[in-house]
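In order, the protein sequence lines correspond to chains A and B. Quick note: the first sequence uses my numbering, first residue 65, plus one each step. Quick note: the second sequence uses my numbering, first residue 65, plus one each step. Beta carbons are placed, not taken as given, at the ideal position from N, Cα and C, and that holds for glycine. Source: prediction; values computed, not measured. Read through the structure below, which is laid out as structure tokens, and then see the notes.
Protein chains: 2
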Amino acid sequence: PLTPSMEDYLEMIYRTCKAQGYIRMTNLAEQLNVQASSATKTVQKLTEIGLLAYEKYGIIQLTDKGKQLGSFFLKRHKIIETFLKNIGVKDDILHQTEMIEHHLTLDTVESIDILNKFFKDYPEILQQFLKYKEHLSKI
Amino acid sequence: PLTPSMEDYLEMIYRTCKAQGYIRMTNLAEQLNVQASSATKTVQKLTEIGLLAYEKYGIIQLTDKGKQLGSFFLKRHKIIETFLKNIGVKDDILHQTEMIEHHLTLDTVESIDILNKFFKDYPEILQQFLKYKEHLSKI
Ligand SMILES: [Mn+2]
Ligand SMILES: [Mn+2]
Chain A
65 PLTPSMEDYL EMIYRTCKAQ GYIRMTNLAE QLNVQASSAT KTVQKLTEIG
115 LLAYEKYGII QLTDKGKQLG SFFLKRHKII ETFLKNIGVK DDILHQTEMI
165 EHHLTLDTVE SIDILNKFFK DYPEILQQFL KYKEHLSKI
Chain B
65 PLTPSMEDYL EMIYRTCKAQ GYIRMTNLAE QLNVQASSAT KTVQKLTEIG
115 LLAYEKYGII QLTDKGKQLG SFFLKRHKII ETFLKNIGVK DDILHQTEMI
165 EHHLTLDTVE SIDILNKFFK DYPEILQQFL KYKEHLSKI
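In structure tokens, the structure reads:
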């Protein structure tokens, strides 16, 4: 079982590796806003459990299993962000997403994803909701 | 600023006080599944910052400010639970609610509350979503 912090590492590593195939330890530490020493420790742990390949020159890559998980964590993040935007949340979306993403079951993430898709397929219903919301806030 | 644990205390104290006007320390510790000593510490802190009245015989009551907050935390809890039920989440609703309730802004809680009300006022739209969801899961 991965800790929230390990999930954040895999999500961030996946984000960058998707674009450039690898990420450097120094760059990872910067992006996660942690000390290089603590990034090194976590990367070593994730390597031990078979999710990362990390050997020489500070270059980190994902194993197939790591890719699967990283891809899921990034998707989960986007699903929550999209939901908050859909229902008209204005502030602090990134921070709230970071705080709650680790605590939702797959069932919940999938249900929210389907709600996002429902609103995308029926934009008139999302509009109806946003008008309803605007009306309620005016009372 | 209250910690998640303090928020849980106020929510639980409010739940019980709403019904019987007060709660005993032993009963509170039981309900929160914590040691009496740690319950006592937190109750003392909440008393110091003016949210609880706790003096004799182990009897705890809420101040007006404590009532306001406790009522909000209980409402917030119910809003998240209702949302998860609405979108068809089956398992682990209580635990997920406990994990995320402390990390949502007032704006987000209100937006989710309005979504719940929207589904209550337009039950045919909630039905349409649940059918859409059922259909998607069958593919
Ligand atoms: Mn994230
Ligand atoms: Mn709660």
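Residue range P187 to K202 is occupied by the alpha helix (DSSP H) that includes I189/A. Residue pairing by DSSP places I87/A opposite I124/A in a beta bridge. The segment 116 to 170 of chain B is shown to contain whole alpha helix (DSSP H) runs of 4 or more residues at 128 to 150 and 157 to 164, in chain order.
By the neighbour-count criterion, in which 16 or more other beta carbons inside 10 Å mark a residue as buried, G134/A falls on the buried side. Taking a Cβ-Cβ threshold of 7 Å, the residues of chain A close to Q160/B are H167, L168, T169 and T172, in chain order. Interface annotation, V107/B: not in contact with chain A, CB-CB separation never under 8 Å. Taking all protein chains shown into account, N150/A has 16 or more neighbouring C-beta atoms within 10 Å of its C-beta and is therefore buried. Rounded to the nearest angstrom, the gap between the Cα atoms of Q84/B and A100/B is 21 Å. DSSP places L66/A in the coil class of the three-state scheme, outside both helix and strand.
For T106/B, the distance from the CB to the nearest heavy atom of ligand 2 is not below 7 Å. For Q108/A, the enclosing alpha helix (DSSP H) begins and ends at A100 to E112. At a C-beta separation below 7 Å, L200/B has these neighbours in chain A: I178. Listed along chain B are T169, each with a C-beta nearer than 7 Å to that of D156/A.
One residue after another in chain order, those with a Cβ under 7 Å from a heavy atom of ligand 2 are D72/B, E75/B, F137/B, H141/B, T161/B, E162/B and E165/B.
When C-alpha distances from I143/A are compared across L116/A, T169/A and Y73/A, the shortest belongs to T169/A. In the structure shown, N97/A adopts coil according to DSSP, grouped into three states. Inclusion of R79/B and G122/B in the CB contact set at 8 Å is not warranted, their separation being larger than that value.
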